[in-house]
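Residue numbers (the numbering used here): 6 to 385. In this text, a Cβ means the ideal position worked out from N, Cα and C, and glycines have one as well.
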């Protein structure tokens, strides 16, 4: 029996969380799944759980010619030694290096998974360079998967690749989420929830605004903090930030100090396990991102029956139905402030959460999207 050898290349271990148990599903279907990723202490246990093989390859996010050439060499060597039939590259750098290594080794199926456009919020030389990198990566791929319709359209308007070369699987995302066993309010253990709630010093008399992601400018964190500061003057409110700072695109010292020192702002750091419990502590989810391929945290929040506020000019727009499961906002503190007030005073507040869960279950349940992924990529 022919067992297809498939190599997924990813920058950092954290990004693997977006795939849930997709690799285990594919492994159980008879595919030999391999993952190349920057070194992480979690990789070995992850590979056992997912029933996959792995190799550690340092893939730096910045341009580093020596490291990049070494990474291409290591990937090419692994491709040859393991008779890899298909290479799937994720994130800008992982995709670029993997597509080059795969082409060098004459791999027939080279898939570029476009999760977003890193140049979307750049200007000048940096904008032109990163746009060229994306176009070059797409050129070396035989197929491109965009995680949203927004990216599908943007790739064509920005002349990154031909429309024949790209596709979107289902309604988008990189494999959906588990709405049955994980992101399901009915599966929450209330004792465990109370323990986490008490450890974060959240009491029932507070409205909790939530956010999940990197705490950087691109995600609209300065605007969210400014809106929250204004909201505090009008109500008892907490801001639950599930994520951490990042040196790339870091927020100003002023914003950073506010996050660290305001007793009503809770920063958890990155949460790898039980993230659904943190969503269960929120009343409203806000994701004011400037640049997003899709916005997986928005559908996670919707699945947990939260009304969701997202920016309408990015891939986030496809994670909600405006006025039914949440509201579109602009990247301004004023818009965030006004729409949170609008939600709180709306008679549809609870219904939006119920609608949101139904919408996500219908379109983004991972078992449905995994089947479509297998059909579109592995069998085609």
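query: Minimum C-alpha distance to residue 363 - residue among 196, 188 and 10; result: 188
query: Supposed close pair residue 119, residue 151 - CB separation, criterion 8 Å; result: 5 Å
query: Residue 226, enclosing beta strand (DSSP E) - first and last residue; result: Element bounds for residue 226: not the beta strand (DSSP E) but the alpha helix (DSSP H), 226-236.
query: Secondary structure, alpha helix (DSSP H): runs of 4+ residues fully inside the stretch 330-367; result: 338-349
query: Delimiting residues of the alpha helix (DSSP H) encompassing residue 131; result: 129-145
query: Straight-line gap, residue 233 to residue 308 (C-alpha atoms, nearest Å); result: 24 Å
query: Through-space distance from residue 137 to residue 297, alpha-carbon basis; result: 19 Å
query: Short Cβ contact (8 Å threshold) for residue 175 with residue 304; result: no
query: Cβ separation of residue 117 and residue 142, assumed to be a contact under 8 Å, to the nearest whole Å; result: 6 Å
query: Residue 182 in three-state terms, based on DSSP; result: strand
query: Within 8 Å, strictly: CB atoms of residue 300 and residue 330; result: no
query: Beta carbon of residue 247 nearer than 8 Å to that of residue 273; result: yes
query: Neighbourhood of residue 47 by C-beta distance below 6 Å, restricted to the same chain and skipping five residues each side; result: 18
query: Three-state class that DSSP yields for residue 50 in the structure shown; result: helix
query: For residue 324, the three-state DSSP class (helix, strand or coil); result: helix
query: Contact set for residue 84: own chain, Cβ-Cβ below 8 Å, skip 5 residues either direction; result: 12, 92, 106, 107, 110 and 112
query: Residue 243 in three-state terms, based on DSSP; result: strand
query: Validate contact between the stretch 158-166 and the stretch 328-344 using beta carbons, cut 8 Å, 3 pairs; result: no
query: 3-residue-minimum beta strand (DSSP E) runs that sit fully inside the stretch 62-108, ordered along the chain; result: 91-95
query: According to DSSP, residues forming a beta bridge with residue 371; result: Paired residues: none, contrary to the question.
query: Inter-stretch contact at 8 Å, needing at least 3 Cβ pairs: the stretch 38-47 / the stretch 58-69; result: yes
query: 8 Å Cβ cutoff met for residue 235 and residue 342; result: yes
query: Contact between the stretch 238-257 and the stretch 211-218 (3+ Cβ pairs under 8 Å); result: yes
query: DSSP-derived helix/strand/coil call for residue 198; result: helix
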